[in-house]
Amino acid sequence: MKTFFVAASLALAASAAHANDESDHWFNDGLAWYQHPCGMQAFVKYGKSDAPDVRRNYYITQQHPDMCAKLFP
């Protein structure tokens, strides 16, 4: 019985260690939120979306930061 509790505790600890694997990068492989000109607010709202228009807007705003407010309202 003691072995079961030790094994369960180790499994719980291992799953907790992997629970905070959230990326701070756009689409998990793009720029970090603080490197993109639109900043944290746009990242929180759109950073994990797989929609094609969001990805298109992501690339446009890298070249034209003044369009952040229009493309990521």
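For the sequence shown, this note's numbering gives the first residue as 1323, with consecutive numbering after it. We put the beta carbon where it would ideally sit given N, CA and C, even for glycine. Computed from a prediction, not measured in an experiment: that's the story for all the values here.
Buried or exposed: residue i, going by 16 or more other Cβ atoms within 10 Å of its Cβ?
i, result
"T1325", "exposed"
Leaving aside the five residues before and after residue i along the sequence, list all residues of the same chain whose C-beta is less than 7 Å from its C-beta, in chain order.
i, result
"C1360", "T1383, C1390, F1394"
Who are the Cβ neighbours of residue i in its own chain at under 8 Å, not counting the five residues just before and after it?
i, result
"Y1313", "The structure shown does not extend to residue 1313, since the chain is modelled only from 1323 to 1395, so the question has no answer here."
"M1362", "W1355, Y1356"
"E1344", "none"
So which of the options has the shortest CA-CA distance to residue i?
i, options, result
"V1366", "P1387, A1373, D1372, D1346", "D1346"
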